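J.: Have a look at the structure that comes next, please.
There are 2 protein chains.
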Amino acid sequence: MIHNSTINQQINHRSIRKFKDQTLSAEQLNTLYTVFQHTATSMFMQNATMLHITDEGKRAKIRELCGQKYVGAEGDLFVFVVDLYRNQQIRRQLGKDDGRVHTTDIFFQGMDDTLLAWQNVANAVESMNLGYVPLGTINDHPLKMLDVLDLPKLTFPALGMQVGIPDQEPQLKPRLPLAFTTFENEYPRDFKVVDLKDYDQVVTTYYDLRDANRRIDSFTKQITGDKLNDKRIDRDELPELLHKQELCLDWK
Amino acid sequence: MIHNSTINQQINHRSIRKFKDQTLSAEQLNTLYTVFQHTATSMFMQNATMLHITDEGKRAKIRELCGQKYVGAEGDLFVFVVDLYRNQQIRRQLGKDDGRVHTTDIFFQGMDDTLLAWQNVANAVESMNLGYVPLGTINDHPLKMLDVLDLPKLTFPALGMQVGIPDQEPQLKPRLPLAFTTFENEYPRDFKVVDLKDYDQVVTTYYDLRDANRRIDSFTKQITGDKLNDKRIDRDELPELLHKQELCLDWK
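Residue numbers (full-length UniProt numbering), protein chains in the order written: chain D, 1 to 252; chain U, 1 to 252.
Structure follows, in structure tokens:
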């Protein structure tokens with residue numbers, strides 16, 4: 001294992017859900033923006049936008065839709081947006097039709113740009129001894145969130161991030177052993193759930209130590225439980241939302 | 001602007017397309033795997049897999065489909081895969097139905113996991129003074145690539161990466177000014193293409209200095225040109241490919 005300051009931060013990553021009551025300095029904010037800006041981008045299209053939500057009313061509405069009390073509370077709230085609107089505008093204002101901006105292909109390239117930029121910013125955050133939590137809940141109620149963010153067509157809020165000065169020191173969450181997630185040449189189809197027995201025990205111990213009052217679930221219990229059980233939820237509005245945004249119109 | 005070793009690497013990122021003829025050491029490889037493993041993951045589902053392609057025959061086929069001579073040539077080739085197969089297997093082997101693994105929602109969460117892990121690995125690569133180039137071309141011919149990679153249902157190769165010891169020193173590619181990509185609270189709809197005049201000049205100068213024999217395009221010329229012009233290409237197989245993979249089955 002090779003160690004340097006970047007890698008040490010990466011392998012010690014924890015999500016932070018409790019922040020001190022302090023916001024980013026202008027210099028810190030500008031640094032995160034600059035890192036965002038320099039992320040690799042597919043075909044040089046630069047299909048990503050980063051929103052900083054500081055308005056209290058808007059933060060409260062986002063917090064409510066996300067259903068997590070730390071969203072838009074202490075620290076700074078960001079939303080990373082797949083953005084094909086900008087390039088559509090360039091084409092239209094220069095007398096061209098929309099071309100391929102409504103295709104699934106270009107949307108997926110925008111997802112690449114946006115999510116790569118997200119993690120790049122996340123690593124910059126931790127390098128400054130700040131912490132973050134990913135906000136996948138930004139899409140718990142996609143149609144309502146779109147109204148709150150008031151975004152134009154051809155944009156899609158992919159993922160949020162709450163950033164701040166950590167006010168907790170969570171334990172490192174144990175991940176699947178590499179033998180289950182990294183492979184050479186061939187993807188092995190002969191996965192056996194019994195081989196996860198040791199890992200399940202490690203996960204159970206982690207929860208046990210983290211909070212004695214909390215329900216303790218092994219990894220396989222979680223995967224066979226509520227989070228993947230069949231049900232209809234607002235997150236299933238995603239295809240409808242993307243079409244409403246005139247994205248992926250070739251997906252029928 | 002705040003500087004540290006992580007951030008300095010991020011803001012000086014260039015794609016490397018020429019590598020020395022040397023592969024990663026076992027320790028370097030294991031380090032990248034460990035960083036991959038510790039990336040944030042949506043709902044703790046760990047829906048990402050990292051493939052290391054070392055087989056020469058497979059590398060040649062991937063190179064041909066990607067249409068770039070540096071793919072699978074000097075250095076190491078990786079493919080980052082959205083992987084819902086593993087969790088489906090856990091559910092099935094423990095007597096549960098597939099639940100939500102075929103939904104767009106869960107697929108998008110898998111995209112989050114996979115692309116965040118991609119950028120995390122990319123930052124680790126640069127922290128070791130190695131270089132990389134993103135391989136979006138992994139999806140230039142989606143159906144054929146799936147055959148070459150021989151992946152099971154419920155997986156999707158999202159993005160590739162060629163890694164190695166840099167054998168070139170490219171110039172830093174100028175990005176859109178922050179005023180066009182980062183906003184506070186409100187997304188501004190009043191985008192004006194004339195405001196990109198200065199940036200277009202910067203991009204033109206960059207190409208001019210990079211290679212006198214190469215076509216010189218400003219940013220807006222690229223966006224209004226071939227890369228976004230209407231046409232039917234194999235990349236438009238993406239929706240078909242995902243359904244073939246039994247992903248996003250709720251997207252009709």
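In this text, a Cβ means the ideal position worked out from N, Cα and C, and glycines have one as well. Please read all numbers here as calculations on a predicted model, not as lab measurements.
1. Cβ closer than 8 Å: which chain D residues qualify as neighbours of A124/U?
2. With DSSP as the reference, label H141/D as helix, strand or coil.
3. Between which two residues does the beta strand (DSSP E) harbouring L94/D extend?
4. Find out if the Cβ-Cβ distance for the pair T39/D, L159/D is shorter than 7 Å.
5. For a contact defined as C-beta to C-beta under 7 Å, what are the partners of T224/U on chain D?
6. What first and last residue would you give for the beta strand (DSSP E) that runs through T182/D?
7. Taking the straight line between their C-alpha atoms, what separation do you get for Q89/U and D236/U?
8. Check each candidate in T23/U, V194/U, M50/U, K96/U and name the one with the smallest Cα separation from G110/U.
9. Decide if the stretch 208–218 of chain D is in contact with the stretch 44–58 of chain D; the criterion is three or more beta carbon pairs, one per stretch, under 8 Å apart.
10. Need the endpoints of the beta strand (DSSP E) that A179/U sits in, please.
11. For D200/U, which residues from the same chain have a beta carbon less than 6 Å from its beta carbon, with the 5 sequence-adjacent residues on both sides left out?
12. Strictly under 7 Å for the Cβ-Cβ distance: is Q68/D near chain U by that measure?
13. Can you tell which of P157/D, P239/D, N129/D has the C-alpha that lies nearest to the C-alpha of S15/D?
14. Would you say H38/D lies against chain U (beta-carbon separation less than 7 Å)?
15. Which residues, taken in chain order from the stretch 191–206 of chain D, show a beta carbon closer than 7 Å to some beta carbon of chain U?
16. May I have the straight-line CA-CA distance separating L178/U from N229/U, to the nearest angstrom?
17. Spell out the partners DSSP gives A122/U in its beta bridges.
18. Around the Cβ of R210/U, are there at least 16 other Cβ atoms within 10 angstroms (buried) or fewer (exposed)?
19. Could you check the C-alpha separation between L172/D and H13/D for me, to the nearest Å?
20. So T34/U packs on N123/D, CB below 8 Å; how close in whole Å?
21. In the DSSP assignment, find the unbroken beta strand (DSSP E) run with A48/U in it and report its ends.
22. Could you tell me the distance, in whole angstroms, from the CA atom of Q168/D to the CA atom of G131/D?
23. Does the stretch 187–202 of chain U come within contact of the stretch 60–74 of chain D, defined as at least 3 CB pairs closer than 8 Å?
24. Which parts of the stretch 178–239 of chain D are runs of the beta strand (DSSP E), unbroken and 3 residues or longer, counting only runs that do not cross its ends?
25. Tell me which residues share the same chain as R59/D and place their Cβ nearer than 7 Å to its Cβ, disregarding the 5 neighbours each side in the sequence.
26. Determine the DSSP secondary structure at A40/D, reduced to helix, strand or coil.
27. When we look at the beta-carbon of R86/D and count the other beta-carbons within 10 Å, is it buried (16 or more) or exposed?
28. Taking only beta-carbon positions, decide if H102/U is within less than 7 Å of chain D.
29. Does any C-beta atom of chain D lie closer than 7 Å to the C-beta of F80/U?
30. Check for me: the beta strand (DSSP E) holding T103/D runs from which residue to which?
T.: From the atom records:
1. Result: T6, I7, Q10.
2. The answer is coil: DSSP assigns H141/D none of H, G, I, E or B.
3. No beta strand (DSSP E) contains L94/D, which DSSP labels as neither H nor E.
4. No Cβ-Cβ contact shorter than 7 Å links T39/D with L159/D.
5. Here the neighbours are I90, R91, L94, K96.
6. Segment 182–184, the beta strand (DSSP E) holding T182/D.
7. CA-CA distance, Q89/U to D236/U, rounds to 29 Å.
8. Closest by alpha carbon: M50/U.
9. In short, these stretches do not touch, since the Cβ pair count stays below three.
10. Segment: none, A179/U is in no beta strand (DSSP E) and carries neither H nor E.
11. Within the same chain, D200/U has close Cβ partners S218, F219, T220.
12. By this cut-off, Q68/D is not an interface position.
13. Selected option, being the one with the closest Cα: N129/D.
14. With its beta carbon less than 7 Å from one in chain U, H38/D belongs to the interface.
15. Residues of the stretch 191–206 of chain D whose Cβ lies closer than 7 Å to any Cβ of chain U, in chain order: F191, V193.
16. About 26 Å.
17. For A122/U, no pairing in a beta bridge is given by DSSP.
18. Exposed.
19. Cα-Cα distance, rounded: 7 Å.
20. T34/U to N123/D, Cβ: 15 Å. No contact.
21. Per DSSP, A48/U is one residue of the beta strand (DSSP E) stretching across 48–53.
22. Taking the straight line from one Cα to the other gives about 10 Å.
23. At 8 Å Cβ cutoff, the stretches do not touch.
24. Taken in chain order, the complete beta strand (DSSP E) segments of 3 or more residues contained in the stretch 178–239 of chain D are 182–184.
25. I53, G72, L77.
26. Note: A40/D maps to coil in three-state DSSP.
27. The C-beta of R86/D has 16 or more other C-beta atoms within 10 Å across all chains shown, which makes the residue buried.
28. Closer than 7 Å: no.
29. No, F80/U does not count as interfacial toward chain D.
30. Careful: T103/D lies outside any beta strand (DSSP E) and carries neither H nor E.
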